[in-house]
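Residue numbers (UniProt numbering): 1 to 72. Yeah, the Cβ is synthetic: ideal placement off N, Cα and C, and Gly gets one too. Remember, predicted model here, so these are calculated numbers, not experimental data. Written out below as structure tokens is the structure these notes cover.
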């Protein structure tokens with residue numbers, strides 16, 4: 001994945017540029033950081049991203065998105 005060393009231990013807003021699927025989860029391979037997200041703004045940021053964007057915490061080694069295929 002794109003190097004995020006300058007964003008150590010932060011929430012960041014990223015567009016997902018490249019991913020692949022391994023069964024259900026999508027594994028994100030490349031992102032382009034847009035900006036850091038303050039902890040107090042995280043909830044709002046999670047629910048107001050544009051299509052193709054995610055809020056990601058850089059302490060996670062892998063960026064995996066589990067897809068829910070069935071409604072709750």
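Check, Outcome
"Spatial neighbours of residue 10 within its chain, please: C-beta separation below 8 Å, excluding the five flanking residues on both sides.", "36, 37, 57 and 58"
"Quick one: what's got a C-beta closer than 7 Å to residue 45's C-beta in the same chain, skipping five residues either side?", "13, 37 and 55"
"Under a three-way DSSP split, which group does residue 29 fall into?", "strand"
"Whole angstroms is fine: what's the gap from residue 76's alpha carbon to residue 47's?", "Look at the range of the chain in this structure, 1 to 72, and you will see that residue 76 is not part of it."
"Output the distance between the C-alpha atoms of residue 24 and residue 64, rounded to the nearest integer angstrom.", "10 Å"
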